[in-house]
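Heads up, the thing below is written out as structure tokens.
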Amino acid sequence: MLKKVAAIIVLFAAVSAVQARVIEIRKGADVNPTIAFAGVSGDQVLGTEVRNFLEVCGWFDLVPSGKSGDYELKISAGVMKLFHGENHLKSWRIGNQSDKRQLAKTVVDTIIEYVFEQLKVRGFCHSRIAFCAETGKGVRNIFVCDIDGRNVERITNYRTLNVEPNWSPDGKSVFFSKYNFSGIDVVQSTLRIPRKVRIISSFRGINTGAAVSPDGGELAVILSPDHQVDLYVLGLFRKEKRRMTRGIAVEASPCWSPDGSHIAFVSDRRGNPRIFIMPAKGGDAKIIPVVAGGADAVTPAWNSDGKIAYATRLRGTNNYVLAVYDFKSGENKVVTKGGGSWESPGWAADNRQVVCKRTVNGKSELWIVDTKTGRERMLLRTGNRLYDPSWSPCVKR
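Structure follows, in structure tokens:
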């Protein structure tokens, strides 16, 4: 479907050499460029969907109807045109695709990829979010949804706990921990129907926290074959098992550095849980600092811009907030403002937005936090408790 939709949008008209380069909007780091969009002439459904994805993508601020913005998007007679002020930047032809939602994703992705060309983010609106939801007493299953919280799709249908979904690098499958009578296994399920499901790790004891390396060849996982809970690395295409930690401390929540050279994980070896990093081939583990006032640090997520998002409980409180540590600058800051408890962050491919679980009055929902603008928006609220969100890589259209 994605390839069919992508084929609909083709280059319509060449523009001058001056216009071909995107005009840079020089604003503060916490401000988005604005965009005006009045809808689609003769196609209200497509217009509604395009506006929806312009609103939720996080890359633009929509201006009220009748107002001007940094950019203006016009769509009519099967042609979409992008303007910057009075300058016509570019035109694309769009077809009469019956799936207006998929077409709207492609329209907005095309605008993002053109305006923010230097960031090289492709297919952002087509990315999806995996999570687990409580579907019965003591039962959780894995689901995925679109970046606006719609198009929810159930991936598993078990009568057990299925938690901690993590994406494969190609975005075509999810890995998760499945509880059973004898222990916990790591399982992989494809998204495409009919789904193909296979057990990846089923050593004696627990098999949890599975995270696939960026090259797709290895799996960081928490195992307890000798009743000690430690970090291991397994080969996905060859029989290999490296023990990364050893001792009475409990490890959890591994994640890979963008280049696959290091692994971050949580350990209580110094008392309260904290985040450590170590070479992926083995070596000494180094602790990373926690934000001022933080009592601990859990559930790390590492983005390709050299930042780790994590949850921390501030001293004197019972709630968690989200913080981001920047390896390059050394900056460590809290990025959530709203009440409740914020946990389990997962980066989007744009390196600025994170999806997380937010619990308020005992009810857990999925929220998205923009670490650039500080904005928070609810992604999904249901009658069930929601957990462990994970944002997919951007898929090729």
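Residue numbers (this note's numbering): -17 to 379. Every residue gets a Cβ at the ideal spot worked out from N, C-alpha and C, and that includes glycine.
Whole-angstrom C-beta distance between residue j and residue i, which should lie under 8 Å
i    : j    : result
P151 : V194 : 6 Å
A283 : G328 : 5 Å
S311 : P371 : Actually they do not touch by this definition, with Cβ atoms about 27 Å apart.
T350 : R363 : Looking at the sequence shown, residue 350 is not Thr but Ile. That pair is no contact at about 13 Å.
V215 : A202 : 6 Å
C39  : V103 : The Cβ separation is near 10 Å, so there is no contact.
K87  : F35  : 6 Å
W238 : P196 : 6 Å
I204 : P236 : 7 Å
Buried versus exposed call for residue i [16 or more other C-beta atoms within 10 Å across all chains shown]
i    : result
S155 : buried
T299 : exposed
A18  : buried
E135 : exposed
D212 : buried
S159 : buried
P271 : exposed
K339 : buried
E313 : exposed
G344 : exposed
G365 : exposed
H209 : exposed
S346 : buried
E68  : exposed
V13  : exposed
K380 : In this structure the chain extends from -17 to 379, so residue 380 is not present and cannot be described.
N285 : buried
D130 : buried
P46  : exposed
I111 : buried
G229 : exposed
I181 : exposed
A274 : exposed
L304 : buried
K221 : exposed
Which residues DSSP lists as bridging residue i, in chain order
i    : result
V203 : Y214
T16  : D43
K56  : K63
M260 : I245
T190 : I204
V27  : According to DSSP, which records beta bridges pairwise, V27 is partnered with nothing at all.
D128 : R110
N314 : Y307
S323 : T341
Residue i, DSSP secondary structure in three states
i     : result
Q335  : strand
R141  : coil
E233  : strand
L(-7) : Low local confidence applies: a pLDDT of 37 at L(-7) is under 50, so the model's placement there is unreliable, and no value is given.
H70   : strand
Q170  : strand
F35   : helix
K82   : helix
F158  : strand
D370  : strand
V22   : strand
K223  : strand
K9    : Any reading at K9 needs caution, since the residue's pLDDT is 44, under 50, leaving its predicted position unreliable; the model's value is listed next. Coil at K9, not helix or strand.
T294  : strand
T281  : strand
D352  : strand
V90   : helix
V97   : helix
Check: residue i C-beta below 6 Å from any heavy atom of the ligand GDP
i    : result
V121 : Ligands in the displayed structure: none, and consequently the ligand GDP is not present.
Any chance the region 345 to 358 sits against the region 89 to 98, with 3 or more Cβ pairs inside 8 Å? no
Mind the definition here: the region 122 to 141 touches the region 171 to 185 only if three or more C-beta pairs lie below 8 Å; say whether that holds. With a cut-off of 8 Å, the region 171 to 185 and the region 122 to 141 count as touching, because enough Cβ pairs lie within range.
contact_flag[the region 18 to 32, the region 41 to 60] where n(CB pairs < 8 Å) is 3 or more: yes
Kindly confirm or deny that the region 120 to 127 and the region 83 to 92 touch, where touching means at least three C-beta pairs closer than 8 Å. no
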